[in-house]
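Let me begin by presenting the structure, written as structure tokens, before commenting on it.
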Amino acid sequence: MSSVDDCRLIDLEKIEDLTGSLSPLYGQVDVPFVIKRVYYLYDVPGGADRGGHAHRALQQLIVAASGSFNLVLDDGRNKRTVTLNRSYYGLYVPPMIWRDMTEFCTGAIYLAFVSMPYEESDYIRDYQKFLSSVHTPASGGGTD
Ligand code: TYD
34 MSSVDDCRLI DLEKIEDLTG SLSPLYGQVD VPFVIKRVYY LYDVPGGADR
84 GGHAHRALQQ LIVAASGSFN LVLDDGRNKR TVTLNRSYYG LYVPPMIWRD
134 MTEFCTGAIY LAFVSMPYEE SDYIRDYQKF LSSVHTPASG GGTD
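Numbering (the working numbering), first residue to last: 34 to 177.
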């Protein structure tokens with residue numbers, strides 16, 4: 034079962050000159066999974082909160098491509114808050130971690146590289162069900 038300590042910041046390469054910076058990212062090299070999908074959040078009102086779910090199997094790397102926001106991570110036992118505010122850091126989040134995204138600054142871009150296509154059945158959106166799942170490891174995340 035994943036723990037919040039398994040969520041780690043990955044230092045991405047930064048190629049920098051007077052005209053700006055660039056960070057390349059390779060699946061199975063910079064992240065421990067094959068990248069199957071990329072999505073991004075934008076036009077998030079300043080101060081907004083999102084998230085409020087866990088994934089049964091999906092792994093992801095989250096980058097603040099612009100601006101800043103917080104990831105509040107919860108493994109059912111411990112919580113940890115990580116602020117993302119640099120485009121050359123990615124936060125790796127394994128399966129079965131409840132996450133809330135808070136305190137988006139105006140103009141923030143949340144960029145996610147993830148290990149699976151979108152599947153609603155991979156989400157756990159009910160916190161009590163999440164707690165039941167993590168405290169019953171043999172269930173493998175259970176069903177809705
Ligand atoms: P959700 O993952 O709940 O957003 P967040 O965690 O950022 O608050 O997704 C919001 C909506 O978008 C939900 O109806 C599912 C849909 N969605 C897709 O259709 N495809 C995707 O790749 C993603 C990430 C979400």
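Quick reminder that beta carbons are idealized off the backbone N, C-alpha and C, glycines included.
{"Query": "Can you list the beta strand (DSSP E) stretches of 3 or more residues lying completely in the region 119–168, in chain order?", "Result": "122–126, 131–135 and 142–147"}
{"Query": "Would you mind working out which of Tyr-73, Asp-155, Met-134 and Phe-146 sits nearest Gly-80, comparing C-alpha positions?", "Result": "Met-134"}
{"Query": "Specify, as a first and last residue, the run of the beta strand (DSSP E) that Val-105 falls within.", "Result": "102–107"}
{"Query": "Kindly indicate which residue of Leu-45, Leu-74 and Gly-84 has the alpha-carbon position closest to the one of Tyr-156.", "Result": "Gly-84"}
{"Query": "Rounded to whole angstroms, what's the CA-CA distance from Asp-124 to Ala-90? Just pull it up for me.", "Result": "Checking the displayed sequence, the identity of residue 124 turns out to be Leu instead of Asp. Cα-Cα distance, rounded: 17 Å."}
{"Query": "When you compare the CB positions of Val-77 and Phe-137, do they come within less than 9 Å of one another, or not?", "Result": "yes"}
{"Query": "Hey, is Arg-89 close to the ligand TYD, as in C-beta under 8 Å from one of its heavy atoms?", "Result": "no"}
{"Query": "Measure how close the beta-carbons of Val-105 and Arg-132 come, nearest whole angstrom, since I'm counting them as under 8 Å.", "Result": "7 Å"}
{"Query": "For Val-62, which three-state DSSP category applies?", "Result": "coil"}
{"Query": "Is Asp-44 buried or exposed, if buried means 16 or more other CB atoms sit within 10 Å of its CB?", "Result": "exposed"}
{"Query": "Can you tell me the Cα-Cα spacing of Tyr-73 and Phe-146, whole angstroms?", "Result": "9 Å"}
{"Query": "If we count the other Cβ atoms within 10 Å of its Cβ and call it buried at 16 or more, is Asp-50 buried or exposed?", "Result": "exposed"}
{"Query": "Using DSSP with H/G/I as helix, E/B as strand and the rest coil, what is Asp-39?", "Result": "helix"}
{"Query": "Which residue from Gly-140, Arg-113 and Asn-118 puts its Cα closest to that of Ser-36?", "Result": "Arg-113"}
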